[in-house]
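First up is the structure itself, then whatever we jot down about it.
2 protein chains.
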Amino acid sequence: MEKYQLTLSNLWKYIKEIYGDVEVAYLPPHGNNIRSTYGREYERSLRLADGLRRLGIAPGDRVATLDWNTIWHFDLYWAVPGMGAVLHPLNVRLAPEDLVYIINHAQDKALIYHRDFAPLVEKLKPHLKSVQLYIQISDGLGTATRDPEIEDVIKQGEPKPLPEIGEDTVATIGYTSGTTGKPKGAYFTHRALTLHTLVSAVAFAGFRGFARPECTEEQCAFMQLVPMFHVHGWGTPWTFALLGWRQIYPGRFDPNHTVKLIAEEGVKTMAGVPTMLYMLLTAPEFPKYAEKIKAVRPIFVVGGAALPKELAKKAAEAGFIPRVGYGMTETAPILTLGFFRPTEEIPKEVDRYYDLLTATGLPIPLVDLMVVDEGLRPVPRDGRSVGEIVVRAPWVTPEYLGDVEKTREAWRGGWFHTGDVAVWLPDGRVRIVDRAKDVIKSGGEWISSLQLEDLIMTHPAVAQVAVVGVPHEKWGERPVAVVVLKPGASATEQDIIKHLEKFVEAGKIPKWWLPDKIIFTTQLPLTGTGKIDKKVLREQYKEVLR
Amino acid sequence: MEKYQLTLSNLWKYIKEIYGDVEVAYLPPHGNNIRSTYGREYERSLRLADGLRRLGIAPGDRVATLDWNTIWHFDLYWAVPGMGAVLHPLNVRLAPEDLVYIINHAQDKALIYHRDFAPLVEKLKPHLKSVQLYIQISDGLGTATRDPEIEDVIKQGEPKPLPEIGEDTVATIGYTSGTTGKPKGAYFTHRALTLHTLVSAVAFAGFRGFARPECTEEQCAFMQLVPMFHVHGWGTPWTFALLGWRQIYPGRFDPNHTVKLIAEEGVKTMAGVPTMLYMLLTAPEFPKYAEKIKAVRPIFVVGGAALPKELAKKAAEAGFIPRVGYGMTETAPILTLGFFRPTEEIPKEVDRYYDLLTATGLPIPLVDLMVVDEGLRPVPRDGRSVGEIVVRAPWVTPEYLGDVEKTREAWRGGWFHTGDVAVWLPDGRVRIVDRAKDVIKSGGEWISSLQLEDLIMTHPAVAQVAVVGVPHEKWGERPVAVVVLKPGASATEQDIIKHLEKFVEAGKIPKWWLPDKIIFTTQLPLTGTGKIDKKVLREQYKEVLR
Ligand SMILES: Nc1ncnc2c1ncn2[C@@H]1O[C@H](COP(=O)(O)OP(=O)(O)OP(=O)(O)O)[C@@H](O)[C@H]1O
Ligand SMILES: Nc1ncnc2c1ncn2[C@@H]1O[C@H](COP(=O)(O)OP(=O)(O)OP(=O)(O)O)[C@@H](O)[C@H]1O
Ligand SMILES: [Mg+2]
Ligand SMILES: [Mg+2]
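So the sequences go chain by chain: W and X. Converting from the first sequence to this note's numbering requires adding 17 to each position, the first position being numbered 1. Converting from the second sequence to this note's numbering requires adding 17 to each position, the first position being numbered 1.
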């Protein structure tokens, strides 16, 4: 008998069967709302697949997207892998030359873009070598170019059942954020993404801290805040569909609009990078919806970067339930979640509580994770010994696209090396203390830039901070903090150092961790995904300790 | 990079890592309680695997068990598949000649038996061709034979990590109950069982009616009531371990002991065949624990046979939450569960409520299910058109062991034919109305024996009933009901027919469904798994309409 294939199409068919009536809503800032259902989008995705086929897209072809979190993007998430082609969501915030590099590197055959990016796409076109088909998403606002419009493609397709494909068929590709160097390409099979979806569903349905007990009895709403170009939007479009939740697609991220949606639609769970959470909490319209949001008590899963304690506290005060997720492009993305065991006592003491809350978490099922030394030996689980996180899981990319060298390096010893430096806590949790490439080595010893940043952030005048290692004659490297103050606030280098000295006295950090210099600036350089670009900072300040 | 393998051993390692401290308790009727943990049993299962290896068990060897729901059985569930061998739990209630047939057919190399079955095993030994190793489980009660004792095997083993094995390695085999003919052998790979576990976990953690919302916040207990020789005890030893629940192994099924455990351990979820539920509700000691059980409100998932409405009501009155599961040996077993959609309105009217509650349910994720006519065309979803349930799922056995003919028949057209006859309801649920082999064909039209039984059961004097088709000159077959009355109750053939006529008047069944004869008896013939043996009844009463 033929083996059952783990494919997104099989999941999608199931979702349509069981949850065909459940709402999928597109509620963008511009207000052209679409309230649809899984059943309707199922049919539309079948038409879309057939429409793309008619336009020449064949199994194996790569289809790039440049889009916000729209309902068309949701359809493409199912239609493109479903037809045996490869979905390749592009980060809309990348510089044009990076986009050109990535699209050519990926040999994308089609590019489907939102009208907001029409001018960008016109600029890219002359440089794109493989793209033969452009399709625009006019988003109900009128076409922006002469390329075919996606609704017409849908109309021209027939809702034929998706073809049966093998589970090892590639479903998606994606490129890393390029925080530490040139973006690297990763790819994911249907099998990988189906398993990622199933295990995410177990976690979001059943794990303490992530489950919403009330949501088995009543219909709950999930909002897709993570950009869908960022590692499958962390997989949640698929996960929450499988759980039969209502889903809300808010279009382009707009903090004022988002807080309104949370309040009005009663959004129970969402996820995003720390900056997004910060932007929600400080959105001008937030106070208007504060009461309603408090009543909803939404879970906000922070991932993509560490959750600073200060931000977690601020979020909790505003009625959110902050949670942590950790993952990366290469891992589809989820590796750990900050869930709790049912037996675990959650500490009452504020500091210990937030220590637990903001730790990087526990692996989810099917993730085999270790923190290891250079010899791939597990470091002691003592919360102090530092090592690199290595993993195995069914959803880790098997290789870097077209990069044998980097592949060999990342996979040495049969474990995928994340490049993240962490301590292993006695309870099995990990806590990331740095990226390997950002680690500060002073006199042969490691200093955690993340922990220093976390502490500096507790100073009331500080809005943002990055700590980087700067070359030093005697120690090799010494920490330097680059600080952005809150509007109207003021602080001196000495204020910050004094603030840190309190943590030295309390035994939280050793004295020699104190930065050699505090530099004040008004803006930190960011990467395309909004992460602080420490490469740039290190370059910029490499002379300050000479 | 090597592909991650979906194996029970990988799950087991995860469970140990995350839930090592969670209790697994063995609380048998004889009172030699063992309160252990997943962590401890993990280590013991590694030792057990190594001990078995030392005794000559190699990857691929089949290891049969004859055991109750003991903690050793739990260890064997992990150790035997974990070492690459094949677990083969035997139904302890089968006749000796059936056991001989099955063990020889399966070519079991080892037989691990509970001391209660020592006399049986001594009888079997001379007839077993392949068994080279016998191990006894003395259950803390002293050895019963001279065969090695399992605790010694564990002691002699070292807790070496389980070997890495491929996911397509066979993990278990099992034989069907033999309700409709000779037992047929099915087998399951690590991949099949891992996926069955993950999807069951999604359902038991997140599906309405099955999830226990309070159990994400507090430690809850699951009790393994389904005999572990019956299709992996329905997979729950693995599922609830993955969910990190406390588990209770009650040993041999003893209704008085079970109700005590439910009350004292606060068991939140369990599963079993209808007879087990019935036996709990009528257990002499039940009244003693009635109040406590009401406070716990345990879920009881009934599977293996249809849940009669009367039994569901009785269970609900006693404080249980009755639920339905459907599956079979060939399907690992779960295919459908009687869960509700979050959007679904649960009817208030009693009859419609119990109709919904006792329907066979909705497929769980990754189960592709249809009700089809002879030409493999889906029947209309009208709740009336009758067809056979066919399925595809990753956990359906790929073939019948050593039976090419039956394999071809069951898998014709690429779908596994369950042999179960059902109607498809407009909401996507199925309702089994009969087994294909039990269907009554009168004048070319079908009569549902299950539905007639359900209605006859509502007569206050009736304890048990089986309706079978008996040869009839004019109509081909006509229904005959075989009834067991409650102790002390009385009823005549006319009483029963009159009772049924009320349902004819109410339009629930057509008049021509009324049985031609009601036969009273004191006991119905049962199969080894306690199902009513309609083969025997048909043979016994084949002349009554002549
Ligand atoms: N919860 C978290 N805590 C700390 N760091 C996190 C967390 N989640 C993600 N990260 C960081 O983000 C990284 C993954 O980000 P992503 O895959 O988007 O690209 P990148 O690593 O930033 O870019 P590149 O690999 O191209 O340098 C992780 O390796 C880790 O360093
Ligand atoms: N919820 C349910 N409602 C109705 N029938 C059920 C339900 N669950 C299981 N069954 C019946 O039990 C059967 C599966 O039982 P099992 O695999 O133990 O062996 P069997 O079918 O009784 O024996 P054999 O196949 O040897 O005749 C199903 O095919 C179905 O007929
Ligand atoms: Mg990276
Ligand atoms: Mg059967």
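Glycine included, C-beta positions come from ideal geometry on N, C-alpha and C.
Do residue i and residue j have their C-beta atoms within less than 8 Å of each other?
| i | j | result |
| --- | --- | --- |
| H489(W) | L562(W) | yes |
| V243(X) | W251(X) | yes |
| R452(W) | G436(W) | yes |
| T346(W) | T193(W) | yes |
| P350(X) | Y31(W) | no |
| I88(W) | V39(W) | no |
| Y417(W) | Y266(W) | no |
| F239(W) | M287(W) | yes |
| Y295(X) | A329(X) | no |
| V367(X) | V403(X) | no |
| K326(X) | T375(X) | yes |
| L111(W) | G460(W) | no |
| L72(W) | V170(W) | yes |
| Y36(W) | A410(X) | no |
| V499(X) | T538(X) | yes |
Spell out whether any CB of chain W is found under 8 Å from the CB atom of residue i.
| i | result |
| --- | --- |
| G223(X) | yes |
| N27(X) | yes |
| Y370(X) | no |
| Q236(X) | yes |
| A410(X) | yes |
| T186(X) | no |
| V39(X) | yes |
| L354(X) | no |
| E60(X) | no |
| P359(X) | yes |
| P382(X) | yes |
Could you check whether the Cβ of residue i sits closer than 8 Å to any Cβ belonging to chain A?
| i | result |
| --- | --- |
| R57(X) | The question asks about chain A, but that chain is absent: this structure's protein chains are W and X. |
Under 8 Å between C-beta atoms, does residue i make it to chain X?
| i | result |
| --- | --- |
| E19(W) | yes |
| I35(W) | yes |
| V396(W) | no |
| V216(W) | yes |
| V219(W) | yes |
| A102(W) | no |
Quick one: is the Cβ of residue i within less than 7 Å of any heavy atom of ligand 5?
| i | result |
| --- | --- |
| G320(X) | Only ligand 1, ligand 2, ligand 3 and ligand 4 can be found as ligands here, which leaves ligand 5 out of the picture. |
Is residue i helix, strand or coil when you go by DSSP?
| i | result |
| --- | --- |
| L297(W) | helix |
| P254(W) | helix |
| Q481(X) | strand |
| F91(X) | helix |
| P267(W) | coil |
| P291(W) | helix |
| H207(X) | helix |
| S402(W) | coil |
| H476(X) | coil |
| D451(W) | strand |
| H47(X) | coil |
| V276(W) | helix |
Quick one: measure Cβ to Cβ for residue i and residue j, integer angstroms, because I've assumed they're closer than 8 Å.
| i | j | result |
| --- | --- | --- |
| I310(W) | I279(W) | 6 Å |
| P532(X) | L472(X) | About 11 Å separates the two Cβ atoms, so there is no contact after all. |
| F356(X) | I363(X) | The Cβ separation is near 12 Å, so there is no contact. |
| P359(X) | E235(W) | 6 Å |
- Message: Would the region 110-123 of chain W count as touching the region 218-236 of chain W if we require 3 or more Cβ pairs under 8 Å?
- Response: no
- Does the region 213-224 of chain W touch the region 133-141 of chain W, meaning 3 or more C-beta pairs lie closer than 8 Å? no
- Message: For the pair the region 93-100 of chain W and the region 58-72 of chain W, tell me if three or more CB-CB distances fall below 8 Å.
- Response: Yes, they touch.
- Between the region 144-164 of chain X and the region 116-131 of chain X, do at least 3 Cβ pairs fall closer than 8 Å? yes
- Within the chosen definition, does the region 48-62 of chain W reach the region 396-412 of chain X through at least 3 CB pairs nearer than 8 Å? no
- Would you check if the region 68-86 of chain X and the region 167-186 of chain X touch, i.e. whether three or more CB-CB distances between them fall below 8 Å? yes
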